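Colleague:
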Amino acid sequence: MRACLQRNDGKPVCAPTLIDSGAPGIELVNHHADNGWTEGTAARLTFGGSADTEAMGVRFTVGRRMQASRFNAVADPRVEGMRIRSGLLTYFAYDVLYDADRGTIAIRARPAYQDGVIAVGGSHAD
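The opening position of the sequence shown corresponds to residue 14 in our numbering, with each subsequent residue numbered one higher.
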């Protein structure tokens with residue numbers, strides 16, 4: 014799936030995205046991220062390749078253990094082009110259903126919790 018990763022005060026980075034890397038933390042692969050991705054930075058990951066504030070996605074704070082939101086920019090020569098690996102982040106805000114036969118996924122917002130990742134956009138208020 015295509016998604017966009019964006020700090021609240023920065024430009025979006027949109028790329029093919031793996032939403033289930035099985036690892037805690039977010040990796041921006043083959044992109045030279047600047048130093049603005051420090052612990053405590055407010056950010057969002059939006060689905061569908063749109064960084065629009067109305068796009069469905071998740072709002073999170075970089076570096077929070079309970080959000081599994083540690084951030085790393087990594088180089089991976091096995092990967093062609095840029096990629097986003099969102100780790101477990103999406104699962105804190107959404108139930109994710111896979112239909113392998115049709116090659117589709119569906120997401121349904123989960124209830125917000127204190128200091129947690131928050132579902133945003135679509136029919137959800139920011």
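Glycine is no exception: its CB is placed at the ideal position from the N, C-alpha and C atoms. Computed from a prediction, not measured in an experiment: that's the story for all the values here.
Measuring alpha carbon to alpha carbon, tell me which residue in Gly-129, Glu-93 and Lys-24 is nearest Tyr-189.
Modeller: Outside the shown range of the chain (14 to 139) lies residue 189, about which nothing can therefore be said.
Colleague: Could you give the distance in angstroms between the alpha-carbon of Gly-100 and the alpha-carbon of Arg-83?
Modeller: About 10 Å.
Colleague: Please go through the same chain and pick out, in chain order, the residues whose beta-carbon is closer than 7 Å to the beta-carbon of Glu-52, but skip the five residues on each side of it.
Modeller: Val-75 and Gly-76
Colleague: Measure the beta-carbon distance from Ala-16 to Leu-58 and round it to whole angstroms, keeping in mind my assumption that it falls under 8 Å.
Modeller: 6 Å
Colleague: Roughly how far, in whole angstroms, is the beta-carbon of Val-92 from the beta-carbon of Asn-21, given that I think they are within contact range, below 8 Å?
Modeller: That pair is no contact at about 27 Å.
Colleague: How close, in whole Å, do the beta carbons of Leu-141 and Val-71 come, if the pair is a contact with beta carbons under 8 Å?
Modeller: In this structure the chain extends from 14 to 139, so residue 141 is not present and cannot be described.
Colleague: What would DSSP say about Thr-51, mapped onto helix, strand or coil?
Modeller: coil
Colleague: Which same chain residues end up closer than 7 Å to Ala-36 when comparing Cβ atoms and leaving out the 5 residues on each side of it in sequence?
Modeller: Gly-100
Colleague: Who are the near neighbours of Gln-80 in its chain, counting only those whose CB is closer than 8 Å to its CB and skipping five residues on each side?
Modeller: Contacts found: Phe-73, Thr-74, Leu-102, Phe-105, Asp-128, Gly-129 and Val-130.
Colleague: Quick one: what does DSSP say Tyr-126 is sitting in, helix, strand or coil?
Modeller: coil
Colleague: So, for Pro-29: in the same chain, excluding its five sequence neighbours on each side, which residues have a beta-carbon less than 7 Å away from its beta-carbon?
Modeller: Arg-15 and Arg-96
Colleague: Hey, would you say Gly-49 sits closer than 9 Å to Gly-23, going by beta carbons?
Modeller: Yes, Cβ-Cβ distance for Gly-49 and Gly-23 is below 9 Å.
Colleague: With a 10 Å radius around its C-beta and 16 neighbouring C-beta atoms as the bar for buried, classify Glu-40 as buried or exposed.
Modeller: buried
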